[in-house]
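Residue numbers (mature numbering (1 follows the signal peptide of the UniProt record, and there is no 0)): -16 to -1, 1 to 248. Even glycine gets a Cβ: it sits at the ideal position worked out from N, Cα and C. Notes for the one structure printed next.
Spelled out as structure tokens, the structure:
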């Protein structure tokens, strides 16, 4: 059953997107559902969207010092009272140096459909610019229509088990996922899956879950960094890893992203 949810390093240079300062653990990864604790600040573009009382409800990804990319279904009517949290690793810690930034504007794709989850993408413009550094940095965007083959990773603080009683993860989770062909995704998800604006990915015992929504799946690019190729959009109600996680296909929206940022 479909349900939407609210999932080698090189030294970074000041201007290089997608290159973390702190190496990610990308070998032998095992729980996201089925992931493991990420190395601190190894995915510096990871965003936590939080209410004014610090409750995490969606992920996101920093693509520019002024802009966050997330899922369209993460939009809430009171978003102006919410915050974008950057540089966070352990949500239970009070000692981390994090950035809490207010949202100036939200731009959800004009063709987003809550029933079909088509065009599940949104840009958030920050009220003040993020301070980029070794713990907060931007990820790269793929070109319009660009494809990747992997390796790829999903990150997030979503439920780390298959039921709500397992609770959200305190520490950022990561899991390696394999990209799944459009034909196989269509076979598993039927008419839910639209290859023009969606991709899916999965692996044995690994999946995104509630709370990972809007967060990234990133793949290595030819420049040695990471591109965000998908945003966690939908999955099986119990987070069963048998069903691959569905993502908004970022490359399908590159023109929309560029135009929205340029006009605002």
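(1) Could you round the C-beta distance between residue 184 and residue 237 to whole angstroms and report it? I think they count as a contact, below 8 Å.
(2) For residue 87, write down the residues that DSSP places opposite it in a beta bridge.
(3) Residue 167 lies in the alpha helix (DSSP H); which residues open and close that run?
(4) Which residues does DSSP pair with residue 215 in a beta bridge?
(5) Tell me, please, whether the region 39 to 56 touches the region 76 to 83 by the rule of three or more beta-carbon pairs shorter than 8 Å.
(6) I believe residue 125 touches residue 141 by the beta-carbon criterion, under 8 Å. Please report the beta-carbon distance rounded to the nearest angstrom.
(7) Just to confirm, are residue 36 and residue 72 a CB contact at a threshold of 9 Å?
(8) Spatial neighbours of residue 91 within its chain, please: CB distance less than 8 Å, with the 5 preceding and 5 following residues excluded, ordered by chain position.
(9) Per DSSP, what are the beta-bridge partners of residue 92 in this structure?
(10) Alpha carbon to alpha carbon, what distance is there between residue 101 and residue 219?
(11) Looking only at C-alpha atoms, which of 199, 227 and 160 sits nearest to residue 217?
(12) Output yes or no for whether 9 Å exceeds the beta carbon distance between residue 137 and residue 163.
(13) Go through its chain and collect everything with a Cβ distance to residue 28's Cβ below 6 Å, but skip five positions before and after it.
(14) Count the other CB atoms, across all protein chains shown, that sit within 10 Å of the CB of residue 65; report buried if there are 16 or more and exposed otherwise.
(15) As a quick exercise: from 158, 227, 166 and 181, pick the residue whose alpha carbon is nearest that of residue 201.
(16) Need the endpoints of the beta strand (DSSP E) that residue 122 sits in, please.
In this structure, then:
(1) Position 200 of the chain shown, counting from 1, holds the residue named residue 184. Position 253 of the chain shown, counting from 1, holds the residue named residue 237. The pair is not a contact, with the Cβ atoms about 16 Å apart (cut-off 8 Å).
(2) Here residue 87 is taken as the residue at index 103 of the chain shown, counted from 1. Looking at the DSSP assignment, residue 87 forms a beta bridge with 110.
(3) Here residue 167 refers to the residue found at position 183 when the chain shown is read from its first residue. Going by DSSP, residue 167 is part of the alpha helix (DSSP H) stretching over 166 to 173.
(4) Position 231 of the chain shown, counted from the start, is the residue given in the question as residue 215. The secondary-structure analysis by DSSP pairs residue 215 across a beta bridge with 232.
(5) Counting Cβ pairs under 8 Å, fewer than three are found: no touch.
(6) Here residue 125 refers to the residue found at position 141 when the chain shown is read from its first residue. Here residue 141 refers to the residue found at position 157 when the chain shown is read from its first residue. No, residue 125 and residue 141 are not in contact; Cβ-Cβ is about 23 Å, not under 8 Å.
(7) Within the chain shown, the letter at position 52 stands for residue 36. Within the chain shown, the letter at position 88 stands for residue 72. Cβ atoms of residue 36 and residue 72: not closer than 9 Å.
(8) In the chain shown, residue 91 corresponds to position 107, counting from 1. Closer than 8 Å at the Cβ level, and outside the excluded window around residue 91, lie 106, 107, 108, 109, 244 and 248.
(9) In the chain shown, residue 92 corresponds to position 108, counting from 1. Beta bridge pairing from DSSP links residue 92 with 106.
(10) Against the chain shown, residue 219 aligns to sequence position 235. Against the chain shown, residue 101 aligns to sequence position 117. Looking at the two C-alpha atoms, the distance is approximately 11 Å.
(11) Translated into the one-based positions of the chain shown, residue 217 becomes position 233. Distance from the Cα of residue 217 is smallest, within the candidate group 199, 227 and 160, for 199.
(12) Residue mapping note: residue 137 aligns to position 153 of the chain shown, counting from 1. Residue mapping note: residue 163 aligns to position 179 of the chain shown, counting from 1. Taking 9 Å as the cut-off, the beta carbon of residue 137 is found no closer than this to the beta carbon of residue 163.
(13) Residue numbering aside, residue 28 sits at position 44 when the chain shown is read from its first letter. Excluding the 5 residues flanking it on each side, residue 28 has same chain C-beta neighbours closer than 6 Å at 4, 119, 120 and 121, in chain order.
(14) To locate residue 65, count along the chain shown from 1; it is residue 81. Exposed: under 16 other Cβ atoms inside 10 Å.
(15) Residue numbering aside, residue 201 sits at position 217 when the chain shown is read from its first letter. Nearest Cα to residue 201 within the set 158, 227, 166 and 181: 158.
(16) Residue numbering aside, residue 122 sits at position 138 when the chain shown is read from its first letter. Neither: residue 122 is in no beta strand (DSSP E) and is coded neither H nor E.
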